[in-house]
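Below is one structure; the comments refer to it alone.
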Amino acid sequence: MSRDLFGIHAAALELRSQRMGLIASNIANAATPGYKARDIDFTAALRSAERGIGLADAAKSAALYRMPVMPSLDGNTAELQNEQLAFSENAVGYSATLQFIRGRAETLTRALKGE
């Protein structure tokens with residue numbers, strides 16, 4: 011039902027939330043030797059969700075390992091600055107998507123009230 015009311019935005023919000031978790035894990039493990047940073051190709055995951063693939067499967071199929079700009083000697087591929095940038099960009103997208111959904115919900119609420 012939320013898919014009908016909010017279109018692809020409900021899926022986008024869930025995918026951004028899952029991506030936020032992966033990036034947060036990358037940041038938390040930035041000093042862990044051998045840690046392999048992961049991310050979700052948001053565009054690919056959203057396209058998969060649009061084609062009717064479940065969100066969990068779409069996110070899983072679009073998850074990939076990050077290629078470091080400057081490889082570390084301990085094998086860790088999480089680069090703190092890049093992870094923080096990705097986290098910030100994703101947070102802005104999450105906020106914008108959430109704002110759209112809120113606006114849509116408010117419009118529907120006003121319509122139901124006859125305002």
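Numbering (this note's numbering), first residue to last: 11 to 125. Cβ coordinates follow ideal geometry from the N, Cα and C atoms, glycine included. Keep in mind the model is a prediction, meaning the values are calculated, not measured.
- Query: Roughly how many angstroms separate the alpha carbons of LEU23 and TYR75, rounded to a whole number?
  - Reply: Taking the sequence shown and counting its residues from 1, the one referred to as residue 23 is at position 13. Taking the sequence shown and counting its residues from 1, the one referred to as residue 75 is at position 65. Those two C-alpha atoms are separated by around 22 angstroms.
- Item | Where ALA73 sits in the DSSP three-state scheme | Position 63 of the sequence shown holds residue 73. Strand at ALA73.
- Item | Where SER105 falls, given that 16 or more other Cβ within 10 Å makes a residue buried | As a position in the sequence shown, residue 105 is number 95, starting the count at 1. Exposed is the call here.
- Query: Can you give the Cα-Cα distance for THR119 and ALA59, rounded to whole angstroms?
  - Reply: Here the question's residue 119 lines up with position 109 in the sequence shown. Here the question's residue 59 lines up with position 49 in the sequence shown. So the alpha carbons of these two residues sit roughly 27 angstroms apart.
- Message: Just to check my reading of the structure: ILE37 and GLU93 have Cβ atoms closer than 8 angstroms, yes? What is that Cβ distance to the nearest angstrom?
- Response: The residue you call residue 37 lines up with position 27 of the sequence shown. The residue you call residue 93 lines up with position 83 of the sequence shown. Right, the Cβ-Cβ distance comes to about 5 angstroms (below 8 angstroms), so this counts as a contact.
- Going by beta carbon distance, what residues of the same chain come within less than 6 angstroms of ALA96, once the five residues before and after it are set aside? Taking the sequence shown and counting its residues from 1, one reaches residue 96 at position 86. Contacts found: ILE33.
- Query: Quick one: what's got a C-beta closer than 8 angstroms to MET77's C-beta in the same chain, skipping five residues either side?
  - Reply: On the sequence shown, position 67 is the one that residue 77 refers to. The residues are THR87.
- Does DSSP put ILE18 in a helix, a strand or coil? On the sequence shown, position 8 is the one that residue 18 refers to. The DSSP-derived three-state label of ILE18 is helix.
- Three-state secondary structure (DSSP) of ARG61: Here residue 61 refers to the residue found at position 51 when the sequence shown is read from its first residue. Collapsing the DSSP output to three states places ARG61 in coil.
- Message: Please state the DSSP three-state secondary structure of ASP67.
- Response: In the sequence shown, the residue the question calls residue 67 occupies position 57. Helix.
- Task: Decide if GLN28 is buried, meaning its Cβ has at least 16 other Cβ atoms within 10 Å, or exposed.
- Result: What you label residue 28 is simply residue 18 of the sequence shown in a count that begins at 1. GLN28 should be labelled buried.
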